[in-house]
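First the structure, in the form of structure tokens, and then the observations on it.
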Amino acid sequence: MAFQISDYLVTDDLTILLCLIAASLFLLSNLYKPQPLVHPILLGRQSDVARVRNPGQSAVYRNYGTGMMGRLPVKPAKEINVLTDLVKSDFDAPRTLWSTKITNPELRERYINFGTGLIRLANLTPKESKVLLLLDDSIEFLIADLALASHSIPSFTLTSLDLLSPVLESHPPSAIITHASFLPQLLELIYDSAETNHHTIIVVGEDGLAGTKMLAGVRVLKFADVEKTGQQTQKIISATPDPNDVFTISFYSARPGQIRGAQLTHQNLTAGVAAVRTLLPLSSAISPLDTIVSAHSMNTAYGRAIAYTAIYEGTSFATLESAKIFTGSEANVQDISDLNKISFLPIPFPTIAFLKPSHLHSLTTNILSQAKSSSPFLFQLAWRHKVSGLGEGWLTKDSLWDRIIFEKARQDVMGVGAGTLRGIVVSGGPLDAEALPPSRIALSIPIVNAHTHPIVPGPVLASHPLDLQSFPTAEEKKESGPFATLYHTGPPSINLEAKLNGVNDEVIEGGGDPEGSLFVRGPSVGKEIVLGDDSWEQVNGDEDGWVDIGARARVASNGTFKVVVV
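Take this note's numbering: the final residue in the sequence shown is number 1673, and no numbers are missing along the way.
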């Protein structure tokens, strides 16, 4: 029997219906497939790399947004030159700093009054005196810092309470500003050092002050009285500092028993602020509507850059309990309870958080546990859909699965402010690559992984906030070593150059990833110093400005760095 071609094309209504359904599903899957939040090409080249390199060194890397020929930004705006310029005179909207609601004109008036009072009551001399700030993050720290900077009086800060005694002995300040509750401990250290003649102490608050036994030769003033004196007398206005003038030295311990100082200029700090501002997507830039919380003390260079970014942008700002050094324990827990203590401050709900890895881990664990316990079956479905979205480079907290599962879990863990949080920057320790996808699912907001250093205000390296790429695990790649399980810290920040020393030339010439000691330079890099024979001596850095930041790094082909501190 012979068949005609038309016999093969005979169809019934069911076949036509199935074909239409299949075509519709195909079109819908493509039309409604989530689009990546950032083009893959941008993630494939995150650093601009110099064309040449020296033997034993990698090429020089810059942020791709800056480019090899671009100028490294030194300030967030052209009119910002010194620290006090960050308190913009044209911004007069009120915002809350810790527990104080204040406008920029009020803040400017307060630090001018306090600076005048310091010179009149504490007998400080511009460009000659030095003041030790033994303060935890507070409005008083900010006022004192701005006041000292406006009169070119360098400040000392400590990143650890263990450094107080050796700093008092080797770097005696002209005056000390501290909390009243910390005064008894400070007086005991001064007594043990047998140096009381040159100490003037300004105390914040009166908690425990009445019962404190004063030492002979130690003059104690109240912070409020110093500020009031400046308010009631003629203002003293000093000459505007040069951007390259040193405004602070932050003491830290590079290794146990080894004290270093990060000598920072006004330009270092303004460059750090410029770098911090670019950590989040340009489409969601920091604005006065934001509230920033930080787990990094202002006694550190990075913590200071974060705080002054909030001042410059006009946002509300506060620091977490774990950032305290003097009135709290340095071993404060860095978990969800630390974050929840922010609710006791009269600030709006946080929108941007600068946290440490332990905070992120605690948030992720608690949110996912809460979501899973509420509905195990729906949680598995939601998890699969969120993982699929991450694979497509897409992330949102407004999806159906977020509304059904994750939104309530976030509120149960973080409180009613969970819905306002829109960005997290993590730094202060290594971040495991396998831990980040669960964090992105639990929080569904951009998460930046940054690397910092005590002599650099702002980030040294920082990942792209919308880089949602997942790579094979160390087990899948059969890879071992210190870099195997780490998540990358992205390219250099916008105003830094980076290179590796001690690399294997054969590996690089064979197309492998460079690996070596990490060196950086740029306008946000301060000087690492120690006190020599009656003068400060730089102990790190060469004539070209390259500074060893004490870490080993590996650079991937897309220009992202993995860092291990040595």
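Glycine included, each C-beta is placed from N, C-alpha and C at the ideal position.
| Check | Outcome |
| --- | --- |
| Endpoints, the alpha helix (DSSP H) within which Tyr1409 is located | Ala1408 to Glu1420 |
| Contact set for Gln1370: own chain, Cβ-Cβ below 6 Å, skip 5 residues either direction | Val1353, Ile1356, Gly1633, Lys1634 and Ile1636 |
| Validate contact between the stretch 1556–1571 and the stretch 1525–1537 using beta carbons, cut 8 Å, 3 pairs | yes |
| His1373 burial status per 10 Å Cβ neighbour count (16 or more: buried) | buried |
| Check whether Asn1602 and Pro1630 have beta carbons under 8 Å apart | yes |
| Beta-carbon separation (whole angstroms), Val1238 vs Pro1279, contact threshold 8 Å | At roughly 11 Å, the Cβ-Cβ gap does not stay under 8 Å, so Val1238 and Pro1279 are not in contact. |
| Three-state secondary structure assigned by DSSP to Tyr1594 | coil |
| For His1560: DSSP bridge partner residues | Val1563 |
| Contact belief for Gly1674 with Asn1220 at Cβ below 8 Å, rounded distance in angstroms | Beyond the ends of the chain as shown, which are 1108 and 1673, falls residue 1674; an answer cannot be given. |
| CA-to-CA distance, Thr1385 to Gly1222, given in whole angstroms | 32 Å |
| Trp1674, DSSP secondary structure in three states | The question about residue 1674 has no answer, for the chain in this structure spans 1108 to 1673. |
| Continuous beta strand (DSSP E) stretch holding Ser1624: start and end | Glu1622 to Arg1628 |
| Per-residue DSSP class, three states only, for Leu1568 | strand |
| Backbone CA spacing between Asn1188 and Val1194 [nearest angstrom] | 11 Å |
| Of the listed residues Leu1241, Phe1248, Ser1259 and Gln1339, nearest to Thr1307 (C-alpha basis) | Leu1241 |
| Reduced DSSP secondary structure (H/G/I, E/B, other) of Asn1375 | helix |
| Val1145 and Gly1500 closer than 8 Å at C-beta | yes |
| Residue range of the beta strand (DSSP E) that includes Ile1308 | Thr1307 to Val1311 |
| Proximal residues to Val1672 (C-beta, below 6 Å), its chain only, five neighbours per side dropped | Ala1658 |
| Residue closest to Ile1449, alpha-carbon to alpha-carbon, out of Ala1542, Asp1197, Ile1615 and Trp1205 | Trp1205 |
| Inter-stretch contact at 8 Å, needing at least 3 Cβ pairs: the stretch 1539–1557 / the stretch 1398–1405 | no |
| Test item: CB-CB of Ala1412 and Gly1379 under 8 Å | yes |
| With 16 other Cβ atoms within 10 Å as the buried cut-off, status of Val1646 | exposed |
| Close beta carbons around Leu1575, own chain, < 7 Å, minus the five adjacent residues each side | Leu1497, Gly1500, Leu1502 and Arg1547 |
| Neighbour-count burial assignment, Tyr1298, 16 or more Cβ in a 10 Å radius | exposed |
| Distance between Gly1524 and Leu1231 (C-alpha atoms, nearest Å) | 44 Å |
| Terminal residues of the beta strand (DSSP E) in which Trp1643 lies | Trp1643 to Asn1647 |
| Inter-stretch contact at 8 Å, needing at least 3 Cβ pairs: the stretch 1417–1436 / the stretch 1444–1460 | yes |
| Any C-beta of chain B under 8 Å from that of Gly1530 | The structure shown has no chain B; it contains just one protein chain. |
| Euclidean distance between Cα positions of Phe1484 and Arg1510 | 16 Å |
| Spatially closest choice to Ser1506 from Ala1549, Met1521, Pro1464 and His1258, by CA coordinates | Ala1549 |
| Nearest-angstrom Cα separation, counted from Thr1667 out to Gly1151 | 9 Å |
| Met1321, buried or exposed, once every other Cβ within 10 Å from all chains shown has been counted against 16 | exposed |
| Alpha helix (DSSP H) segment containing Val1325, residue limits | Run containing Val1325: none; DSSP gives neither H nor E here. |
| Given Asn1608 as reference, the closest of Ala1392, Lys1329 and Tyr1168 once Cα atoms are compared | Tyr1168 |
| Three-state secondary structure (DSSP) of Lys1634 | strand |
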